[in-house]
Amino acid sequence: MISVLFVCLGNICRSPLAEALFMNHVDKQGLNHLFTADSAGTASYHLGELPDKRTRAMALKVSNLNLTHKARQFKASDFLNFDYIVAMDKSNYQNIMKLRPENAKAQVVLMRHFDSMIQNEDAIPDPYYGTDDDFKEVHYMLDDCTQNFIKKILAKSNTTN
Ligand code: 4NP
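Quick note on our numbering: the sequence shown kicks off at 812 and runs consecutively.
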């Protein structure tokens with residue numbers, strides 16, 4: 812199994828949606844035997860909460876997904892338990908790297924680097940203080956990035972096996 816952890820700041824907007832969209836593509840492609848996913852936040856503001864209601868509403872409307880993840884905080888041991896840690900922006904990336912143990916297994920990557928249309932952007936923008944349009948944009952961005960990420964992982968495992 813290839814395990815993937817999606818990480819943002821609060822674990823209520825971007826990363827739980829990335830997790831759900833990623834698993835939705837995994838499901839649709841019949842790849843459940845290959846992938847597992849989870850999500851976490853670098854901050855502790857929203858521990859135990861469901862995703863933001865605007866994120867949940869857009870996920871239901873656009874992709875018919877019911878988000879049920881409960882927010883949890885990223886921890887150093889995640890480096891040992893996942894193959895990939897996918898950060899939503901550079902600030903998340905830096906906060907993740909501060910906790911990296913010597914014996915880390917996970918490779919840390921930026922989600923936006925898997926955008927199939929735009930190559931020179933680093934961030935999935937934080938929609939928390941934004942509008943409904945910002946939530947919609949993030950939804951479509953993550954739908955594209957997660958799909959492309961699956962393609963890239965599969966291509967990589969085909970060349971290394
Ligand atoms: P997320 O968005 O990192 O995509 O979950 C945020 C959620 C909450 C806050 C910031 C960003 N906050 O400041 O509470």
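Where is the CB? At the ideal position from N, CA and C, for every residue including glycine.
List the whole-angstrom C-beta distance separating Asn906 from Thr853, where the pair is believed to meet the contact cut-off of C-beta under 8 Å.
Right, their Cβ atoms sit about 4 Å apart.
Boundaries of the beta strand (DSSP E) in which Leu921 is found, first to last residue:
Gln918 to Leu921
Heavy atom of ligand 1 within 8 Å of Asp943 beta-carbon
Relative to ligand 1, the beta carbon of Asp943 is positioned no closer than 8 Å to any heavy atom.
Please determine whether the Cβ atom of Asn914 lies at a distance below 8 Å from any heavy atom of ligand 1.
no
By alpha-carbon positions, which one of Asp889, Asp944, Asp849 and Met922 ends up nearest to Asn959?
Met922
Near Ala831, which residues of its chain fall below 7 Å by C-beta distance, leaving aside the five closest residues on each side in sequence?
Ala870, Leu876 and Leu878
Could you check what DSSP says for Phe833 in three-state terms: helix, strand or coil?
helix
If you scan the stretch 844-878 from start to end, which runs of the alpha helix (DSSP H) of 4 or more residues do you find wholly inside it?
864-874
Beta-carbon proximity list for Lys916, same chain, < 6 Å, skipping 5 on both sides
Leu891
Taking 8 Å as the cut-off, does the CB of Ile813 come closer than this to any heavy atom belonging to ligand 1?
Checking the Cβ of Ile813 against ligand 1 gives no.
Near Gln840, which residues of its chain fall below 8 Å by C-beta distance, leaving aside the five closest residues on each side in sequence?
Ile961
Out of Lys947, Pro938 and Asp945, which one is the CA nearest neighbour of Cys819?
Pro938
Indicate the three-state DSSP secondary structure (helix, strand or coil) for Leu816 in the structure shown.
strand
How about Met899: is its Cβ closer than 8 Å to a heavy atom in ligand 1?
yes
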